[in-house]
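In terms of this note's numbering, the sequence shown opens at residue -15 and continues consecutively. Beta carbons: idealized from backbone N, C-alpha and C, even for Gly. What follows is a short report on a single structure.
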Amino acid sequence: SSGLLLGSILGVLGFATLIAWGLIDGDPLNMELVLKATVVASSLLLIVLFGNVIGAMLPFILSKVGLDPAVSSAPFVATIVDVSGIIIYFSIAVFLLSGILL
-15 SSGLLLGSIL GVLGFATLIA WGLIDGDPLN MELVLKATVV ASSLLLIVLF
35 GNVIGAMLPF ILSKVGLDPA VSSAPFVATI VDVSGIIIYF SIAVFLLSGI
85 LL
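Here it is in structure tokens:
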């Protein structure tokens, strides 16, 4: 789907950007830098996928409970995706970086 494609593109760009910044900054290409870039890339992929699913499902859920999906969808989607994005990012960071950087 479009969410998977967009998330993959953003993940690859995020990974490449962090690797490039690390190399420009003079850091050697090591496991620590690769893990940091992997955290960002996988977080971007999952957040975009989650936002895509929530953005598609929430209007149906709101109409089922009797709320106007045209008015309520955008604020709810933005809030849910922002909060869940932070949770996704930190969960992946703790999972991948525990014992190495944390």
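Contact check, residue i vs residue j, beta carbons under 8 Å
i, j, result
"residue 23", "residue 80", "yes"
"residue 67", "residue 38", "no"
Rounded distance between the beta-carbons of residue j and residue i, thought under 8 Å
i, j, result
"residue 28", "residue -6", "5 Å"
"residue 26", "residue 76", "6 Å"
DSSP state of residue i mapped onto helix, strand, coil
i, result
"residue 12", "coil"
"residue 49", "coil"
"residue -13", "helix"
"residue 82", "coil"
Any non-hydrogen atom of the ligand NAD closer than 7 Å to residue i Cβ
i, result
"residue 78", "Among the components of this structure there are no ligands whatsoever, and the ligand NAD is therefore not found."
Status (buried if at least 16 other CB within 10 Å, exposed otherwise) for residue i
i, result
"residue 57", "buried"
"residue 21", "buried"
"residue 32", "buried"
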